[in-house]
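Undergrad: Residue numbers (the working numbering): 61 to 476. Even for Gly, the Cβ is constructed at its ideal location relative to N, Cα and C. All figures in this text were calculated on a predicted structure; none of them were measured in a lab. Below you will find the structure I want to go over with you.
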């Protein structure tokens, strides 16, 4: 008889690598895919949906849920989107990255993306097996930095491309260089799958924009696969943290470092066949960012070259939703508890300061904070960042003080 309280795990992959174009419009350096991990125990199940895409919006998830309607036991409301947030992938209109290749702009093809995501989840649902689980932690220092830096007078300096790093005249904000690992074993105790979390933008391959790569998460997945472990990347507090350099071998340097830390954490982590899986959720109704002049937004979009219109498309996406009557966003904060640890999923690109406050409020160890990149939220900029200016507040889908409300609610959730 199957133990109904024992953990079951399913892992699925759906490749969506474009075909190699005859006209040479883009090159394919890596295959890209969506990956899904389902955890189920004692009637509770949660799905982590990852993928080599830029963002996943709630409208897309609603489409995915409809496509999975025949899987009665799957909790569709607990599909947690965790896009890798890479810029070297096909994009939708709302994907707020500037892409020079017209052939990779899949505007209006939301149904295609939803199909691919649903297939990954369906493949995971078909693969459910008994297993063991545990959460581990290691670190990968010296490969990332906080791009919101400050000069000697305390003024903000956006340091996206101010290399070499670090520059002695600048003071840099904090980072979280931990690599968090959700280890999954078969019933014999052999690791077979894992989810790895690292709080750094997957933006190493800026020299390959307009082409297809899986950036550093793809490197990590390859290395873990060579060790017999299939994996998926769940972004951490990536909001204001970027790789130590761009282009060239950076994706390999970062990927090798994260993979090494992940392998170390895997080997040090104990697993259990009963995890005590629990899910709690708080949903906030938050005001979206107001656009005072929608016509000006559309005029700016029309006048911006298509190869560099990421910001303008993001603002048009938000402005159009606002004009259609969506002046508030339903914002779910999800807490997954298992084996003494907490995993907190937050939509948007989460700042490292927000994640640090949530971890400090938590009563379980470790507390892992995940970003779910989405154009519905963009960057979850702190009020301080909004005051200082810089890049991230320009890509904010929520009003100025929403981060404080989200931070407070998440802290209450992890401390309750």
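How big is the Cα-Cα spacing for residue 211 and residue 76?
TA: Your numbering for residue 211 matches position 151 in the chain shown. Your numbering for residue 76 matches position 16 in the chain shown. The alpha-carbon atoms of residue 211 and residue 76 are separated by roughly 44 angstroms.
Undergrad: Which residues in the same chain as residue 102 place their Cβ atom closer than 6 angstroms to its Cβ, once the five residues preceding and following it in sequence are excluded?
TA: Taking the chain shown and counting its residues from 1, one reaches residue 102 at position 42. Excluding residues within five positions, the ones whose Cβ falls inside 6 angstroms are 65.
Undergrad: Taking the beta strand (DSSP E) that residue 264 falls in, what are its first and last residues?
TA: To locate residue 264, count along the chain shown from 1; it is residue 204. Neither: residue 264 is in no beta strand (DSSP E) and is coded neither H nor E.
Undergrad: With a cut-off of 8 angstroms on the beta carbons, I'd call residue 170 and residue 120 a contact; round off their distance for me.
TA: Locating residue 170 in the chain shown gives position 110, where the first residue counts as 1. Locating residue 120 in the chain shown gives position 60, where the first residue counts as 1. 6 angstroms between Cβ atoms; contact.
Undergrad: Evaluate contact between the region 283–295 and the region 251–265, counting only Cβ atoms and requiring at least three cross-stretch pairs below 8 angstroms.
TA: Touching, per the Cβ criterion.
Undergrad: If you run the structure through DSSP and keep just helix, strand and coil, what is residue 446?
TA: The residue given as residue 446 occupies position 386 in the chain shown. Residue 446 falls in the helix class under three-state DSSP.
Undergrad: Less than 8 angstroms between C-beta atoms, sequence neighbours within five positions excluded: which residues of the same chain meet that for residue 465?
TA: Walking along the chain shown from the start, residue 465 turns up at place 405. Excluding sequence neighbours, residue 465 sits near 344, 346.
Undergrad: My assumption, with CB atoms under 8 angstroms, is that residue 284 sits in contact with residue 264. Please give the rounded CB distance.
TA: For the purposes of this step, residue 284 is taken as residue 224 along the chain shown, with counting starting at 1. For the purposes of this step, residue 264 is taken as residue 204 along the chain shown, with counting starting at 1. Incorrect: roughly 18 angstroms between the Cβ atoms, too far for contact.
Undergrad: Once DSSP output is grouped into helix, strand and coil, what is the label at residue 454?
TA: In the chain shown, residue 454 corresponds to position 394, counting from 1. Of the three classes helix, strand and coil, the one that applies to residue 454 here is helix, per DSSP.
Undergrad: Identify the residues that DSSP records as bridge partners of residue 205: which are they?
TA: Within the chain shown, residue 205 is the residue found at index 145, counting from 1. DSSP, once it has assigned bridges, lists 302 as partnering residue 205.
Undergrad: What alpha helix (DSSP H) runs, 4 residues minimum, are completely inside the region 114–146?
TA: 118–127
Undergrad: Would you check if the distance between the CB atom of residue 184 and the CB atom of residue 307 is smaller than 8 angstroms?
TA: Reading the chain shown from its first residue, position 124 is the one you call residue 184. Reading the chain shown from its first residue, position 247 is the one you call residue 307. Their beta carbons are not under 8 angstroms apart, which means residue 184 does not touch residue 307 by this criterion.
Undergrad: Which runs of the alpha helix (DSSP H), 4 residues or longer, sit entirely within the region 162–197?
TA: List check, alpha helix (DSSP H) in window: 170–185.
Undergrad: Spatial neighbours of residue 329 within its chain, please: CB distance less than 6 angstroms, with the 5 preceding and 5 following residues excluded, ordered by chain position.
TA: Here the question's residue 329 lines up with position 269 in the chain shown. For residue 329, the CB contacts under 6 angstroms within the same chain, skipping 5 residues up- and downstream, are 194, 196, 243 in chain order.
Undergrad: Provide the residue span of the alpha helix (DSSP H) that contains residue 357, from first to last.
TA: For this step, residue 357 is matched to residue 297 along the chain shown. Segment 354–362, the alpha helix (DSSP H) holding residue 357.
Undergrad: Where does residue 237 land, buried or exposed, given buried means 16+ other C-beta within 10 angstroms?
TA: Counting from one through the chain shown, the residue named residue 237 turns up at place 177. By the neighbour-count rule (16 or more Cβ atoms within 10 Å), residue 237 is buried.
Undergrad: Using DSSP with H/G/I as helix, E/B as strand and the rest coil, what is residue 239?
TA: As a first step, residue 239 must be located in the chain shown, where it is residue number 179. In this structure, DSSP gives residue 239 an extended state, which the three-state scheme calls strand.
Undergrad: How about residue 234 and residue 401: are their beta carbons less than 8 angstroms apart?
TA: As a position in the chain shown, residue 234 is number 174, starting the count at 1. As a position in the chain shown, residue 401 is number 341, starting the count at 1. No.
Undergrad: Return the bridge partner residues of residue 297 from the DSSP annotation.
TA: Here residue 297 refers to the residue found at position 237 of the chain shown. Residue 297 pairs with nothing; no bridge assigned.
Undergrad: Going by beta carbon distance, what residues of the same chain come within less than 7 angstroms of residue 80, once the five residues before and after it are set aside?
TA: Counting from 1 along the chain shown, the entry for residue 80 is found at position 20. Taking residue 80 as the centre and dropping the five residues before and after it, the same chain places the C-beta of 88 closer than 7 angstroms to its C-beta, in chain order.
Undergrad: Terminal residues of the continuous beta strand (DSSP E) containing residue 88?
TA: Position 28 of the chain shown holds residue 88. Segment: none, residue 88 is in no beta strand (DSSP E) and carries neither H nor E.
Undergrad: Quick check on DSSP: helix, strand or coil for residue 275?
TA: Reading the chain shown from its first residue, position 215 is the one you call residue 275. Note: residue 275 maps to helix in three-state DSSP.
Undergrad: Here's a check: name, in chain order, each residue in its chain whose Cβ is nearer than 6 angstroms to the Cβ of residue 379, leaving out the five neighbours to either side.
TA: Here residue 379 refers to the residue found at position 319 when the chain shown is read from its first residue. The answer, listed in chain order, is 351, 354, 357.
Undergrad: What are the boundary residues of the beta strand (DSSP E) that residue 390 is part of?
TA: By 1-based counting over the chain shown, the position of residue 390 is 330. Residues 388–398.
Undergrad: Taking the continuous beta strand (DSSP E) assigned at residue 311, which residues delimit it?
TA: The residue you call residue 311 lines up with position 251 of the chain shown. From DSSP, residue 311 is part of no beta strand (DSSP E) but of the alpha helix (DSSP H) over 310–328.
Undergrad: Where does the unbroken alpha helix (DSSP H) through residue 421 begin, and where does it stop?
TA: As a working mapping, residue 421 is identified with position 361 in the chain shown. Counting along the chain, the alpha helix (DSSP H) containing residue 421 begins and ends at 412–421.
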